[in-house]
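Residue numbers (the working numbering), protein chains in the order written: chain A, 4 to 290; chain B, 4 to 290; chain C, 4 to 290; chain D, 4 to 290. These notes concern the structure reproduced below.
There are 4 protein chains.
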Amino acid sequence: MSPGSTSARLLISCADRPGIVAAVAGFLRDAGANIVHSDQHSTDPEGGRFFMRMEFVLPLAEGERGAFERAFARDVGDPLGLDWRVWYVADRKRMGILVSRTDHCLLDLLWRWRRGEFEADVVAVASNHPDLRADVDAFALPYHHVPVDRADKAPAEARLLELLGGNVDVVVLARYMQILSGHFLDRLGVPVINIHHSFLPAFAGAGAYEKAKDRGVKLIGATAHYVTEELDAGPIIEQDVIRVSHRDTPARLARLGSDIERTVLARAVGWHCEDRVLVHDRTTVVF
Amino acid sequence: MSPGSTSARLLISCADRPGIVAAVAGFLRDAGANIVHSDQHSTDPEGGRFFMRMEFVLPLAEGERGAFERAFARDVGDPLGLDWRVWYVADRKRMGILVSRTDHCLLDLLWRWRRGEFEADVVAVASNHPDLRADVDAFALPYHHVPVDRADKAPAEARLLELLGGNVDVVVLARYMQILSGHFLDRLGVPVINIHHSFLPAFAGAGAYEKAKDRGVKLIGATAHYVTEELDAGPIIEQDVIRVSHRDTPARLARLGSDIERTVLARAVGWHCEDRVLVHDRTTVVF
Amino acid sequence: MSPGSTSARLLISCADRPGIVAAVAGFLRDAGANIVHSDQHSTDPEGGRFFMRMEFVLPLAEGERGAFERAFARDVGDPLGLDWRVWYVADRKRMGILVSRTDHCLLDLLWRWRRGEFEADVVAVASNHPDLRADVDAFALPYHHVPVDRADKAPAEARLLELLGGNVDVVVLARYMQILSGHFLDRLGVPVINIHHSFLPAFAGAGAYEKAKDRGVKLIGATAHYVTEELDAGPIIEQDVIRVSHRDTPARLARLGSDIERTVLARAVGWHCEDRVLVHDRTTVVF
Amino acid sequence: MSPGSTSARLLISCADRPGIVAAVAGFLRDAGANIVHSDQHSTDPEGGRFFMRMEFVLPLAEGERGAFERAFARDVGDPLGLDWRVWYVADRKRMGILVSRTDHCLLDLLWRWRRGEFEADVVAVASNHPDLRADVDAFALPYHHVPVDRADKAPAEARLLELLGGNVDVVVLARYMQILSGHFLDRLGVPVINIHHSFLPAFAGAGAYEKAKDRGVKLIGATAHYVTEELDAGPIIEQDVIRVSHRDTPARLARLGSDIERTVLARAVGWHCEDRVLVHDRTTVVF
């Protein structure tokens, strides 16, 4: 990439109609951009919804972004009725992590962040328990202990909003065993990604490995999804499974499952940070 | 295997206690048997349930089976309080197949049977539709068309009992889209294996692929289970999954899923016929 | 799709440079086309190779195809130096199948063809053995027995050229245990897809399952690839694996492997017929 | 487990013959043992090799082990010509780790060790580079920097022998990029487990991900194996793969592969420490 060039992604969602690709690609060509990757999906060419992610490189100083986007709105976005947004690769996302006592998802995220696997910077970790402070300290990151009072969760949520509100672009629940209120999610205003320890919609809620043992399933899974007010019902980003047998106790299922949980969560977080995930009702399009 | 030698399997289920393996293996050694394979499982060494499958070869004429089993009962089974059964490999299981209109599971079973993959002989195919007659004819097997009257299913079940009762050791539902009554299952008196087109307990009942699309799962699955009176709730024998994406329509999910359905069903049927599956409450032990 | 509308795919391969997508999408929009799917890949945005597959629907009578393609060449293909080709969905590919004695890949292809899974019509099956004639007869397809003389394979290849030359768009080797000469491949002039019973490049050549057993691998695989003159070295289209254990004999590996062989081959054939596979040196881009 | 009871495993390898299970199980019953798990494998009931792993609990003080083993040798081992060994669960294995600059396998092993996933204690980490000292310090483990002189590797191997010889029961190469000499392996005298970044036997040696990219494989893998003098040719303990595509650069393959490397290595190390792996020529039996 030459100096002065900007790497960016354009995400589009709209009613499907002919001419969208031509209009967008023509605009980008005229702006001097080179399209590096492009993905598109239509739920139905006639009357469906159209989704697109275009990754491109163009000569654009940081101060020229506003003009570039205004021109796009005027020439393409408004005439075609697009729901669109440009993400600049240089604007790394700020990630907050919430965790309870279990370390596997948290450590995996922190390792990957340190290795540079995510297009994001972890800015803070908060927990309702003090247990994982030393692990987080080793990464030179702030660790906020925010105890949750079962009788009244509002003060804890208020404290989390103070810590995270406006400071993060995404929050990751790395086995955070508290249900977040709709009020909190609204106020936070950024996507929240959760990892659930089952192949949803099977075994939603607590005790997923015990339920799996009791039902005698032959595979266990993990699901990363965006958090909505309804428990474990948000749009699924990624899932995976691992084979188990009658020999495995619930404790052994939890150990095997933890390997799946961390890889599924890492994939979901990585894709989210690369702007690959578009929400469509209660499902996702992952480019 | 020398002439006059018999290949057999001993299946045991009992309260766990010390000395079971020694007693069984000692008895078999004294009977001149060579243990070829042995698997065991204890749900808990203290107070749990013990399961065992021993495959052995011994010099035993067909007429001596009764005496052999009586001796085992007297010396081992009764003293130790075992729930046990001997299966002789030479007694190939007789398999009945029920199917509706979809051919993939049926054809896969018939083809594997023809190749000799199952320790079983298919003896009859019955269907509530006439569609698959020619396919079954090509395997030189009887095809019974038993229409089902939605208003009164009893006559159809009675006809199926006439056809299958006493003539089969196992019945396989190869995408048979009728719910069998508890009365029918009781009267039939042999295990019935069903293939369900989802990763149970997710998406039980009809329309599993539509439900999967609607929920936006990233993997679809299939589940082979023993049929009980409660729909899609019997002990699971085998499951598997395949990755899907936002691009896949319900019709495409059904096509991808059909490949999983047939392999999962074939594995379950194969294991059942080799006496590898022991039921434990509403789960299975698969050796 | 309205009457008079044509579904087609444009495949492009060229040196990467800015403006390709805009030029192609602009041309198609002006021709009245609606882009239904689009995939692209660049090996390197600077100095790399660019690949694209665009699926579109446009109002075009069959007699207007020549003019449409000449206009594309004049306005886009020639100016940008593209290597391109348009495939019309209505022009179903004609498929020839070569097989030896093993039935699993052949039957799986024929079942899928009968179910309508492939955008292709099987037109002939040829074999160096007579064994599978009845199976092919059941699908009302011609079965050509073309014995191969080990001392001189030329007459058999000449006979195959007579049968297939000019009559097929793709040939599938469904476990055909004869090596085809470079001369034959040249004269045939259409892509040939082979299924090899290992995870290439491991265990090329004959006896792959014996080699796998001897080496003690924990997974066995299958590989579908385009055939080139060099044995088992052509561009790989698809691969998959299945877990095995020390218990599995080479015969059991062959049985387990046969399930992988047929699904891997079916995926490769399906993708080829949908024009999803572009060759790049000795690798493939699969859209 | 009651106080005074001992958990142990008996591993047996011998020419197959009738009566082995009965003799072993009878001896253990008479010794007051309860068999908790038992696995056996015969390469061929007639003339093959027999392998067994029996896990049992028996009342045995530490000082009585010698007498117990002498009695077993006298009554069972010697008469039947068994190659056998008893491992006591209380005798946790001492593990040494060698690593170069890459952290993912090392960190994963240390983290699992801290969680208690291995029946082993990590006692030392040695590296030919200083880079990972801080990471190892965080686990309160000694980190030995043992530089390797390319022109003469003998001094480094001598230093490693000083550090590890007699102090470890197993050595794990967690991406240690130096070839160990046969002389070193002999002198070390304990099993050495390596993780190789490909699906062996494909892509042995250096540059596996570049080779995989060049060959265009659709899956990449990792292989954990015991180290022998011949590079990447020792008995394979475990393998796994992950799907990749034409989009993935060698750097991306390395990142995706690192997730497989660490899980494959962790499984192999865990199984080894639980005495589940028996070597058979250049393959393994994994119970």
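Each residue gets a CB set at the ideal place from its N, CA and C atoms; glycine is no exception.
What residue does the beta strand (DSSP E) around residue i start on, and which one ends it?
i             : result
residue 96/C  : 96–102
residue 42/C  : 37–45
residue 259/A : From DSSP, residue 259/A is part of no beta strand (DSSP E) but of the alpha helix (DSSP H) over 253–276.
residue 212/A : Looking at the DSSP string, residue 212/A is not in any beta strand (DSSP E); the run it does join, the alpha helix (DSSP H), is 211–218.
residue 224/D : 222–229
residue 154/B : Unbroken run through residue 154/B: none, as it is neither H nor E.
residue 281/A : 280–283
residue 61/B  : 52–62
residue 197/A : 195–199
residue 246/D : 239–246
residue 174/D : 173–176
residue 289/D : 286–289
Does the beta carbon of residue i sit closer than 8 Å to a beta carbon anywhere in chain B?
i             : result
residue 141/C : yes
residue 260/A : no
residue 263/D : no
residue 120/C : yes
residue 273/D : no
residue 135/A : no
residue 22/D  : yes
Give the range of the alpha helix (DSSP H) segment to which residue i is assigned.
i             : result
residue 15/D  : Careful: residue 15/D lies outside any alpha helix (DSSP H), inside the beta strand (DSSP E) at 8–18.
residue 186/A : 185–191
residue 72/A  : 68–75
residue 112/A : 107–118
residue 86/C  : Counting along the chain, residue 86/C falls outside any alpha helix (DSSP H), though it belongs to the beta strand (DSSP E) covering 86–91.
residue 30/D  : 23–33
Taking 8 Å as the threshold (beta carbon to beta carbon), is residue i in contact with chain A?
i             : result
residue 205/B : yes
residue 28/C  : yes
residue 202/B : yes
residue 43/C  : yes
Taking 8 Å as the threshold (beta carbon to beta carbon), is residue i in contact with chain C?
i             : result
residue 239/A : no
residue 113/D : no
residue 280/D : no
residue 221/D : yes
residue 266/B : yes
Could you check whether the Cβ of residue i sits closer than 8 Å to any Cβ belonging to chain D?
i             : result
residue 83/B  : no
residue 256/C : no
residue 110/A : yes
residue 63/B  : no
Just to check my reading of the structure: residue i and residue j have Cβ atoms closer than 8 Å, yes? What is that Cβ distance to the nearest angstrom?
i             : j             : result
residue 222/B : residue 245/B : 7 Å
residue 121/A : residue 272/A : 6 Å
residue 28/D  : residue 28/B  : 5 Å
residue 227/C : residue 268/C : 5 Å
residue 188/D : residue 232/D : 7 Å
residue 289/B : residue 274/B : 6 Å
- Query: Quick one: any contact between the segment 74–84 of chain B and the segment 43–56 of chain B, if contact means 3 or more CB pairs under 8 Å?
  - Reply: In short, these stretches do not touch, since the Cβ pair count stays below three.
- Task: Count the CB pairs spanning the segment 23–40 of chain C and the segment 18–28 of chain A that are closer than 8 Å, and state whether there are at least three.
- Result: Touching, yes, given that three or more Cβ pairs across the two stretches are closer than 8 Å.
- Just checking, does the segment 246–266 of chain B make contact with the segment 280–287 of chain B on the three C-beta pairs under 8 Å criterion? With the cut-off at 8 Å, the segment 246–266 of chain B and the segment 280–287 of chain B do not touch.
- Kindly confirm or deny that the segment 166–173 of chain C and the segment 197–204 of chain C touch, where touching means at least three C-beta pairs closer than 8 Å. Using a C-beta cut-off of 8 Å, the segment 166–173 of chain C makes no contact with the segment 197–204 of chain C, since fewer than three inter-stretch Cβ pairs fall below that distance.
- Item | Contact between the segment 57–71 of chain C and the segment 7–15 of chain C (3+ Cβ pairs under 8 Å) | Output reads yes: the segment 7–15 of chain C touches the segment 57–71 of chain C.
- Task: Could you pull out every unbroken alpha helix (DSSP H) segment of at least 4 residues lying fully inside the segment 125–152 of chain D, listed in chain order?
- Result: List check, alpha helix (DSSP H) in window: 136–140.
- Message: Three or more C-beta pairs under 8 Å: does that hold for the segment 99–116 of chain C against the segment 127–138 of chain C?
- Response: Taking a cut-off of 8 Å for Cβ pairs, the segment 99–116 of chain C and the segment 127–138 of chain C touch, as three or more such pairs fall below it.
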